[in-house]
Amino acid sequence: MDTVYSQYAWLIPVFPLIAFLIITALGRGARHAAVLIALTGSLLPFLLSLLVLMEQLGSGEKEYSERFTWLAIGDFHLAMGIEVTHLTALMLAVVTFISLLVNLYSASYMSKDERIAVYYGYVALFTFAMLGLVLSDNLLTMYIFWELVGVCSFLLVGFWYAKPAARAAAKKAFIVTRVGDVGLLLAILLLFWHMPDHTLDFANIHNVFADGQHSVIGAGMTTLIAILIFVGAMGKSGQFPLHVWLPDAMEGPTPISALIHAATMVAAGVFLVVRTFDIFMASPAAMEVVAYIGAFTAIFAASIALVQSDIKRILAYSTISQLGYMMLALGLGSISGGVFHLFTHAFFKALLFLGAGSVIHALHTQNIHEMGGVGARMKITTWTFGIGALALIGIPPFSGFWSKDAILTVALANDPLLFAVGVVTALLTALYMSRLFFLVFLGKPKGGGHVRESNRIMTIPLIVLAVFAAISGFVEMPWSGLDRLSRWLPETVPNHDGNELVMIISTAVGALGIYLGWLVYVKGSIARDTFSARLPWLMRLLERKYYMDEFFRYGVIVPLQYVGRTLQAVDDYIVDGVVRLVAAGTLWTGRGVTRSHNGQIQTYGLLTALGIIALLIAIVGRRFW
């Protein structure tokens with residue numbers, strides 16, 4: 003089948019770009035017009051993305067690419083363009099779908115904000131950057147959009163810039179992700195230097211590394227390039243230790259939290275690793291780094307989420323943990339496992355954040371200890387949030403069960419230690435999500451008597467996402483003939499059939515976590531302070547997030563400040579001091595010479611006599627020297 007719609011895929015990022023330009027031109031006063039323009043600018047790319055995805059799903063489908071010469075220097079030509087593959091078609095559909103629902107939800111959630119037009123302009127620009135990143139056919143173009151995504155996240159996280167916490171979170175997100183971006187930039191430079199003909203497009207990278215031609219680059223250099231690419235992915239996808247920006251990003255509007263944490267910015271890191279996966283496969287050492295950092299991030303973030311009291315921060319640490327799962331799958335060589343979990347995670351995490359926004363909008367607090375009894379007054383929010391929580395925990399038949407099972411199956415087949423970490427992480431996930439759900443939606447009401455369900459503009463996206471959170475896992479079933487996604491994506495390792503033992507274990511730990519949560523927070527059979535009373539030091543450690551912020555402050559920031567002040571002092575007192583000394587010496591010399599040339603004969607005679615005396619002393623005194 004010829005590519006009909008894929009030829010127009012370049013229009014997908016153009017629509018939100020046009021929306022951004024129009025909204026910016028109209029200014030802040032165009033509140034209602036901005037909403038309509040933004041919705042149109044997200045609906046059209048979603049419809050076109052669906053057509054592209056259906057075309058790629060069809061029999062005899064063909065991947066499509068188109069490029070043009072961007073820069074020509076002598077015989078060297080740098081091209082840029084778009085590339086539509088199975089992976090990019092899937093990502094386009096997911097990103098545009100989540101963006102559409104977030105735009106719709108925001109029409110009500112942000113309706114009273116005076117800068118709603120600015121908000122929609124930022125969202126449109128952010129969507130354009132993410133879609134451009136997905137469609138890029140080479141690493142250099144991807145890097146440009148990669149940086150634009152970072153700039154837009156800075157604007158959105160710090161949207162309420164009057165709040166000091168929002169300003170600090172925006173700067174923190176920008177600086178921490180820049181650290182990772184330096185690694186990606188170095189990887190691109192090394193690839194440009196070592197690739198044949200200095201090509202950076204993904205097709206040539208695949209040809210060089212997948213076909214064994216990478217031997218001309220060398221094993222050590224291949225490992226270095228792969229790890230540097232992963233450093234870039236660590237920044238965007240919140241992998242340890244570059245995860246610290248992501249929880250603080252909750253200072254932005256809740257719809258933005260859903261957009262960033264579901265399928266856009268944090269997914270960019272996973273997408274980058276998949277796009278350059280041939281480089282990682284050529285380096286077993288790099289694959290181990292990805293797998294073990296992913297596994298550690300998963301259990302590390304899940305343990306912190308156990309004691310958080312801010313509903314959005316709990317979900318933020320949950321996102322970090324699930325991103326660790328995805329990196330674990332990729333590190334074990336399973337593209338389908340990582341992408342499958344990315345696919346399902348987009349739906350249930352967007353649902354959870356928007357559901358949390360619905361609760362926050364009604365109660366005007368983010369502290370789960372100040373909530374309670376929401377289920378009786380906000381039934382749609384409760385049921386949809388519950389579906390998202392069950393999908394995240396991994397209870398069958400919800401989507402998260404199938405994607406998490408795919409990762410655990412691969413882990414069991416390759417590394418029992420990583421499998422154990424994945425299982426413990428699944429138990430912790432069930433514990434912190436049951437704690438959140440029971441405290442917020444059950445128990446006695448703690449909010450005011452005027453709490454009621456959100457309007458339809460906010461609940462319709464919740465219902466739609468709940469449906470996808472429930473059924474999206476069926477695109478990849480762990481049985482022969484039903485593993486559609488792994489056969490459709492460019493899988494690099496043999497796909498493992500469903501392991502009944504893994505299914506039983508993952509379901510059991512999920513159910514155990516829910517049951518323990520029910521005993522503690524509903525029935526009261528286990529005292530809530532049991533853990534903190536017996537292990538207070540561990541409780542403090544988790545509450546302080548393993549002192550990671552303190553580590554960066556006193557282990558990185560303060561030493562760098564001292565280094566900066568020392569260099570400033572060197573510049574002020576040594577470099578500039580020498581310059582000032584030379585200038586002062588020249589000035590005083592000039593003034594002295596000026597005074598000596600005053601036109602008085604007696605002065606000239608005195609200077610002449612002094613010169614003769616000095617000369618005689620020098621001549622006569624030589625015998626004594």
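The opening position of the sequence shown corresponds to residue 3 in the numbering used here, with each subsequent residue numbered one higher.
A virtual CB, placed ideally from N, CA and C, is assigned to each residue, including glycine.
Query: Could you please give me the residues that DSSP links to leucine 80 through a beta bridge?; Result: Leu73
Query: On the DSSP bridge list, what partners appear for glutamate 85?; Result: Ser67
Query: Taking contact to mean 3 or more Cβ pairs, one atom from each stretch, closer than 8 Å, check whether the region 226–234 and the region 198–206 are in contact.; Result: no
Query: Once you ignore the five residues that flank threonine 509 on each side, which residues in its own chain have a CB closer than 8 Å to its CB?; Result: Gly396, Ile397, Pro398, Phe403
Query: Is tryptophan 590 buried or exposed, if buried means 16 or more other CB atoms sit within 10 Å of its CB?; Result: exposed
Query: Work out the CA separation of leucine 244 and phenylalanine 554 for me, nearest whole Å.; Result: 10 Å
Query: Helix, strand or coil for leucine 562? Go by DSSP, reduced to three states.; Result: helix
Query: Assuming proline 257 contacts leucine 356 under a Cβ cut-off of 8 Å, what Cβ separation, rounded to an integer in Å, is found between them?; Result: 7 Å
Query: Would you mind sorting aspartate 573 into buried or exposed? The rule is 16 or more other CB atoms within 10 Å of its CB.; Result: exposed
Query: So, with DSSP's three-state summary, where would you put serine 285?; Result: coil
Query: Compute the Euclidean distance between the alpha carbons of methionine 82 and glycine 134, then round it to the nearest angstrom.; Result: 12 Å
Query: Three or more beta-carbon pairs under 8 Å between the region 357–367 and the region 290–302, yes or no?; Result: no
Query: Could you spell out where the alpha helix (DSSP H) holding glutamate 502 opens and where it closes?; Result: 502–520
Query: Rounding to the nearest angstrom, what Cα-Cα distance links tyrosine 10 and glutamate 68 in this structure?; Result: 10 Å
Query: Please list, in chain order, all residues of the same chain as alanine 131 whose beta carbon is under 7 Å from its beta carbon, the five residues on each side excluded.; Result: Phe147, Leu150, Val151, Cys154
Query: Among Ala212, Leu261, Leu192, Val181, whose alpha-carbon lies nearest the alpha-carbon of glycine 237?; Result: Val181
Query: Do you know whose CA, among Leu157, Met435, Tyr319, Leu569, lies nearest glutamate 545's CA?; Result: Tyr319
Query: In the DSSP assignment, find the unbroken alpha helix (DSSP H) run with tryptophan 195 in it and report its ends.; Result: 166–196
Query: State the CB to CB distance for the pair aspartate 139 and alanine 212, rounded to an integer number of angstroms; the pair is presumed to be in contact (CB under 8 Å).; Result: Not confirmed; about 17 Å, so no contact.
Query: Give me the Cβ distance between glycine 519 and arginine 458, rounded to the nearest whole Å; I'm assuming they're in contact under 8 Å.; Result: Their Cβ separation, rounded to whole angstroms, is 31 Å, which puts glycine 519 and arginine 458 out of contact at 8 Å.
Query: Using the DSSP secondary-structure output, state which residues sit across from aspartate 551 in a beta bridge.; Result: Paired residue(s): none; aspartate 551 is not in a bridge.
Query: Which two residues bound the contiguous alpha helix (DSSP H) that contains glutamine 58?; Result: 33–59
Query: Using DSSP with H/G/I as helix, E/B as strand and the rest coil, what is glycine 240?; Result: coil
Query: So is isoleucine 39 buried or exposed if we call it buried at 16+ other beta carbons inside 10 Å?; Result: buried
Query: Would a C-beta distance cut-off of 7 Å place glycine 424 and alanine 415 closer than the cut-off?; Result: no
Query: So valine 268 packs on leucine 325, CB below 8 Å; how close in whole Å?; Result: 6 Å
Query: Relative to the C-alpha of tryptophan 12, which residue among Leu80, Gln368, Val136 is closest?; Result: Val136
Query: Along the chain, where does the alpha helix (DSSP H) that runs through methionine 373 open and close?; Result: Per DSSP, methionine 373 belongs to no alpha helix (DSSP H) and is neither H nor E.
Query: Roughly how many angstroms separate the alpha carbons of valine 622 and isoleucine 614, rounded to a whole number?; Result: 12 Å
Query: In the DSSP assignment, find the alpha helix (DSSP H) that holds valine 16 and state where it starts and stops.; Result: 13–28
Query: Ends of the alpha helix (DSSP H) at glutamine 604?; Result: 603–622
Query: From leucine 49 to valine 96, what distance separates their C-alpha atoms?; Result: 11 Å
Query: Taking the DSSP output, what are the residues bridged to asparagine 369?; Result: Asp312
Query: What is the DSSP secondary structure of asparagine 209, counted as helix, strand or coil?; Result: helix
Query: Report the rounded CA-to-CA distance for alanine 331 versus valine 453, giving the unit in angstroms.; Result: 42 Å
Query: To the nearest angstrom, how far is the alpha carbon of proline 47 from that of leucine 53?; Result: 10 Å
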